[in-house]
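>
Chains as they are written, first to last, in the working numbering: chain A, 1 to 393; chain B, 394 to 499.
1. Relative to chain A, which residues along the region 458 to 473 of chain B have a C-beta separation below 7 Å, given in chain order?
2. Chain A beta carbons: is any one of them nearer than 8 Å to that of residue 411(B)?
3. Taking the continuous beta strand (DSSP E) assigned at residue 443(B), which residues delimit it?
4. Considering only the alpha carbon of each residue, which of 368(A), 361(A) and 223(A) lies closest to residue 79(A)?
5. Identify whether residue 111(A) lies in helix, strand or coil by the three-state DSSP scheme.
6. On the DSSP letters alone, give me the boundaries of the beta strand (DSSP E) that residue 285(A) sits inside.
7. Within 10 Å of its beta-carbon, does residue 393(A) have 16 or more other beta-carbons around it, so buried, or fewer, so exposed?
8. Which of helix, strand or coil does DSSP assign to residue 294(A)?
9. Kindly indicate which three-state DSSP category residue 241(A) falls into: helix, strand or coil?
10. Are there three or more Cβ pairs, one per stretch, closer than 8 Å when the region 187 to 194 of chain A is compared with the region 78 to 92 of chain A?
11. Buried or exposed for residue 412(B), going by 16 or more other Cβ atoms inside 10 Å?
12. Within 10 angstroms of the Cβ of residue 343(B), are there 16 or more other Cβ atoms? Answer buried if so, exposed if not.
13. For residue 281(A) versus residue 438(B), is the C-beta distance shorter than 8 Å?
14. If you follow the alpha helix (DSSP H) that residue 264(A) is in, where does it begin and where does it stop?
15. What does residue 415(B) touch in chain A if you count any residue whose Cβ is under 8 Å from its own?
16. How far does the alpha helix (DSSP H) with residue 462(B) in it extend, from its first residue to its last?
17. Short check: CB of residue 53(A) to CB of residue 66(A), under 8 Å?
18. Entirely within the region 178 to 221 of chain A and at least 4 residues each: give me those alpha helix (DSSP H) ranges in chain order.
19. Quick one: what does DSSP say residue 396(B) is sitting in, helix, strand or coil?
20. Quick one: is residue 89(A) near chain B, going by C-beta distance under 8 Å?
21. Within 10 angstroms of its Cβ, does residue 127(A) collect 16 or more other Cβ (buried), or is it exposed?
22. Please name the residue, chosen from 242(A), 109(A) and 36(A), that lies closest to residue 5(A) on a Cα-to-Cα basis.
23. Would you mind working out which of 324(A), 228(A), 113(A) and 319(A) sits nearest residue 351(A), comparing C-alpha positions?
24. Name the DSSP beta bridge partners of residue 127(A), please?
25. Counting only C-beta atoms, is residue 342(A) closer than 8 Å to chain B at any point?
26. From residue 263(A) to residue 323(A), what does the alpha carbon distance come to, in whole angstroms?
27. Closest Cβ-Cβ distance between residue 427(B) and chain A: below 8 Å?
28. What's the call for residue 451(B), buried or exposed, on a 16-neighbour Cβ count within 10 Å?
29. Name the residues in the region 68 to 97 of chain A whose C-beta lies less than 9 Å from a C-beta of chain B; which are they?
30. Compute the distance between the beta-carbons of residue 476(B) and residue 442(B), then report whether it is under 8 Å.
31. If you measure beta-carbon to beta-carbon, which residues of the region 53 to 69 of chain A are closer than 7 Å to chain B?
32. Please name the residue, chosen from 401(B), 453(B) and 396(B), that lies closest to residue 481(B) on a Cα-to-Cα basis.
33. Just checking my contact of residue 367(A) with residue 376(A) at CB under 8 Å: how many whole Å lie between their CB atoms?
34. Thinking residue 271(A) and residue 242(A) are a contact (beta carbons under 8 Å), I'd like their distance in whole angstroms, please.
35. Between the region 164 to 172 of chain A and the region 98 to 118 of chain A, are three or more C-beta pairs nearer than 8 Å?
36. Please classify residue 318(A): does DSSP put it in a helix, a strand, or coil?
Written out as structure tokens, the structure is:
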């Protein structure tokens, strides 16, 4: 007999933001599916339960009639299931293929990384959040989308405004307004590049949408570009910072990776596992079902905590430690199932093969700035909020 | 139901009854065959359901689409001429008795 889903009253959003891992660990042990009142959603924290969910999109749907995301961005592929989702995903695939990434996008990412490092001031100190990780992610995403004449700062503001609006459960009017400004700005930026991309196709994402066998409508282009801007900027930014933070805090591992460049990819994957940039995402239960011994009901809203699953002790040895030398193992940092991160291979190149080796290779004696504090925050999305470093000139 | 024989890198064989219309990847997961990870559950996005097929039966597998073709260059174990992503291979009656070898790593 399945148990009813327990209600947890003593986990606050503030504590989740500051450090979600103790709460995740407790939920995993005592209540692997639990209604956390502060979040207003049923959190799922065990690795195996999440894999079960992602192998069954008919029972655990991404589409959601009450989705705030649909209101902010339009109906994107992230909130579609089955054939509707498959066709849109297939349309953008050519821009994200690992071979295309390596041959077409990687050389551009390399120029972006080197330009940014060239611009570092000569005091031997910087906060990598604003001087490197954020512009690296933003400029790379801009190239991939095919947008022109937009500053990296503007794209980053759009991304943040959209994400804030999607999480705006309190209906704060100022957040709604900024979300609308971002949405309008993106629609206008798309309008500017459409004629050129229609006339001369290229490997960019918007171009792929236009060239697909099932060509995107303007509404589909707008919604999917917005979801890609919302979901494709902060994640590589945060992973650049998390990987750098992990290596700078663990000199032995850093020495290993400087010795053997093949380890950069392991460092990247370990960072995505250790502090997953997307820690939680939603699913909706479409029929009564038992999960992890708990009885779920049709209509229940789930929060899939991959940030927790990636520290599940039944899958990972000493999961709280950053260890690039741990045995290769699947993690859920890119999600699983049909919505598996489309940008996985982009991030592997941009972050693991280009941004980090450039940073550690070019800046002599790169180290954490002992006078400043590294702050991390978030549980739905998580990463360093700043990463002040020094190097020798 | 066509029988598919999965062979681990160490040589262990496991014969399973596959359902026509499913993918080889689904047949492996359904029967708990180890060695197929399938992180993306059949979207051809992760390259973790790589498998080696029988050389003289490749024509039974259906064509490789552009996306799979690209992805196959990025498998964890070496790509061979008999490599496919098992999520992109649909089980048919003609495949009865087919041997599918699993790679060292995914």
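All residues carry an ideal CB built from backbone N, CA and C; glycine is no exception.
Just so you know, these numbers come straight off a predicted model, no measurement behind them.
So, to answer that:
1. Within the region 458 to 473 of chain B, the residues whose Cβ lies closer than 7 Å to some Cβ of chain A are 460, 463, 464, 466 and 467, listed in chain order.
2. For residue 411(B), the nearest beta carbon of chain A is not closer than 8 Å to its own beta carbon.
3. Unbroken beta strand (DSSP E) run through residue 443(B): 443 to 445.
4. The option with the nearest alpha carbon to residue 79(A) is 223(A).
5. The DSSP-derived three-state label of residue 111(A) is helix.
6. Following the DSSP letters along the chain, one finds residue 285(A) inside the beta strand (DSSP E) bounded by residues 281 to 285.
7. Counting C-beta atoms within 10 angstroms of its own C-beta, residue 393(A) has fewer than 16 neighbours from the protein chains shown and is therefore classed as exposed.
8. Three-state DSSP puts residue 294(A) in a strand.
9. The three-state reading of DSSP puts residue 241(A) in helix, counting H, G and I together.
10. Proximity of the region 187 to 194 of chain A to the region 78 to 92 of chain A falls short of the contact definition, fewer than three beta-carbon pairs being nearer than 8 Å.
11. Exposed is the label assigned to residue 412(B), since fewer than 16 other Cβ atoms lie within 10 Å of its Cβ.
12. Summary: the structure shown does not reach residue 343(B), with chain B confined to residues 394 through 499, and so no result is reported for it.
13. The answer is no: Cβ separation not under 8 Å.
14. Unbroken alpha helix (DSSP H) run through residue 264(A): 263 to 274.
15. Neighbourhood of residue 415(B) in chain A, by CB distance below 8 Å: empty, with the nearest CB roughly 13 Å away.
16. For residue 462(B), the enclosing alpha helix (DSSP H) has its first and last residue at 459 to 464.
17. Between residue 53(A) and residue 66(A), the C-beta spacing is not below 8 Å.
18. DSSP runs (the alpha helix (DSSP H)) wholly in the region 178 to 221 of chain A: 205 to 211.
19. In the three-state DSSP reduction, residue 396(B) falls in the strand class (E or B).
20. Closer than 8 Å: yes.
21. Flag for residue 127(A) reads buried.
22. Ranking 242(A), 109(A) and 36(A) by Cα distance to residue 5(A) puts 36(A) first.
23. Cα-wise, what sits closest to residue 351(A) is 113(A).
24. In the DSSP secondary-structure assignment, residue 127(A) is bridged to 388(A).
25. At least one chain B Cβ lies under 8 Å of residue 342(A).
26. When rounded, the distance between both Cα atoms is 11 Å.
27. By this cut-off, residue 427(B) is not an interface position.
28. A residue is called buried when at least 16 other Cβ atoms come within 10 angstroms of its Cβ; residue 451(B) does not meet this threshold and is exposed.
29. Taking 9 Å as the Cβ-Cβ cut-off against chain B, the residues of the region 68 to 97 of chain A that qualify are 86, 89, 90, 93, 94, 96 and 97.
30. Not closer than 8 Å, so no.
31. Taking 7 Å as the Cβ-Cβ cut-off against chain B, the residues of the region 53 to 69 of chain A that qualify are 54 and 55.
32. In this structure, 453(B) is the residue among 401(B), 453(B) and 396(B) with its C-alpha nearest to the C-alpha of residue 481(B).
33. About 18 Å; that fails the 8 Å criterion.
34. About 4 Å separates the CB atoms of residue 271(A) and residue 242(A); that is less than 8 Å, so the two are in contact.
35. The region 164 to 172 of chain A makes no contact with the region 98 to 118 of chain A: fewer than 3 CB pairs, one atom from each, lie closer than 8 Å.
36. In the three-state reduction of the DSSP assignment, residue 318(A) falls in the coil class, being assigned neither a helical nor a strand state.
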